[in-house]
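Scroll down for the structure; my scribbles are underneath it.
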């Protein structure tokens, strides 16, 4: 589902619509990624068809080109990060690569790079952290799909890791990605101070620990099937499960870009709001898109009676809430002026995506 007009003033504009907008024609409704498109092809289709213009065709085209360029950088760095050094480790690296290189929008690593650049840093200093955060995100997906968690057999249009490799190797592949993420930042981050690298490593630990992904997942499991979950509890869960990694993405990027504490706090507030908006968009997509369009099992939350924003607020109010959060997020970046243009466009992209 494309949220053209569905989130207030936010609009998604694909390349065909950009051409029409430039010529003064009324843009058509944005097309979703082709049904049955999977993996890297799905990610490419999503970027090609989901450039956010916010009413300006040139801005939409600029974001499309930016995402395309940064995705290429991220994909190359990810591939390099999981090369097996010998036959003995081939199997574990194969399982790690299977999920890490399965495509996706790469929103989190791109946020790292964009925040670093906004704060005056160079892309190269942030790439190891961008890789690390995508490793952590991939670990969370592998573990989330396990039979003891969400018990899913489809991810990004492909069999989940435990279906391909078994639960035992899937668990170990996730563990290895988590460990590798910290190693990667420590070993490969260059041209910045050790103090800034340590701050990034500390934030990574917080994002995945009891005050981050792990704590959010525990509460999510505890609330499954309950009828009395409140909006406050649901927001707490997703501040930990979803917003935590988005928050560390922009905070780490800002730190590596040379930001001071005040600016880091501003981008963290921005990320908290886009994190909740991201989750609301996910919840809406889960009940409005097919499994083929999503690349994962649709309707899973409803099937297990899980609390979601549409269930507690309704579809239309959920969309309105996501738009409100995005507007508040953008206000957090006003002190950065024109330098924040890319992050502002990425905020729109988050609630305009189709999978």
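Numbering (the working numbering), first residue to last: 4 to 358. Virtual Cβ for every residue (Gly too), placed ideally from N, Cα, C.
Endpoints, the alpha helix (DSSP H) within which residue i is located
i           : result
residue 105 : Segment: none, residue 105 is in no alpha helix (DSSP H) and carries neither H nor E.
residue 125 : Careful: residue 125 lies outside any alpha helix (DSSP H) and carries neither H nor E.
residue 314 : 312-316
residue 352 : 344-355
For residue i, three-class secondary structure by DSSP
i           : result
residue 323 : helix
residue 88  : coil
residue 333 : helix
residue 109 : coil
residue 308 : coil
residue 282 : helix
residue 74  : helix
residue 340 : helix
residue 32  : Because residue 32 sits at a pLDDT of 29, beneath the cut-off of 50, its placement in the model cannot be relied upon, and the following sentence gives the value as read from the coordinates. Note: residue 32 maps to coil in three-state DSSP.
Pair within 7 Å by beta-carbon distance, residue i and residue j
i           : j           : result
residue 174 : residue 281 : no
residue 140 : residue 177 : no
residue 227 : residue 309 : yes
residue 279 : residue 328 : yes
residue 164 : residue 102 : yes
residue 105 : residue 161 : yes
residue 159 : residue 148 : no
residue 255 : residue 201 : no
residue 234 : residue 318 : no
residue 3   : residue 69  : There is no way to answer for residue 3, as the model of the chain reaches only from 4 to 358.
residue 350 : residue 334 : no
residue 87  : residue 93  : yes
residue 348 : residue 66  : yes
residue 259 : residue 195 : yes
residue 336 : residue 117 : no
residue 223 : residue 240 : yes
residue 286 : residue 245 : no
Residue i CB to nearest heavy atom of the ligand PLP below 6 Å
i           : result
residue 227 : Looking at this structure, you won't find the ligand PLP or any other ligand, since it has none at all.
Q: Counting only runs of 4+ residues fully inside the region 140-199, write out the alpha helix (DSSP H) ranges in chain order.
A: 164-168 and 170-191
Q.
Would the region 114-126 count as touching the region 170-182 if we require 3 or more Cβ pairs under 8 Å?
A. no
Q: Please confirm if the region 272-291 is in contact with the region 241-251, defined as three or more CB-CB distances below 8 Å between the two stretches.
A: yes
Q: Note down, one range per segment and in chain order, each alpha helix (DSSP H) of at least 4 residues found wholly within the region 193-267.
A: 197-211, 216-226, 234-244 and 246-259
Q. Counting Cβ pairs, one atom from each stretch, are 3 or more of them under 8 Å apart for the region 315-334 and the region 262-270?
A. no
Q.
Check whether the region 125-144 and the region 100-116 are in contact - that is, three or more C-beta pairs closer than 8 Å.
A. yes
Q: Flag this pair as touching only if the region 212-220 and the region 187-194 have three or more C-beta atom pairs under 8 Å; answer yes or no.
A: no
Q.
With three or more C-beta pairs closer than 8 Å as the rule, is the region 96-110 touching the region 159-175?
A. yes
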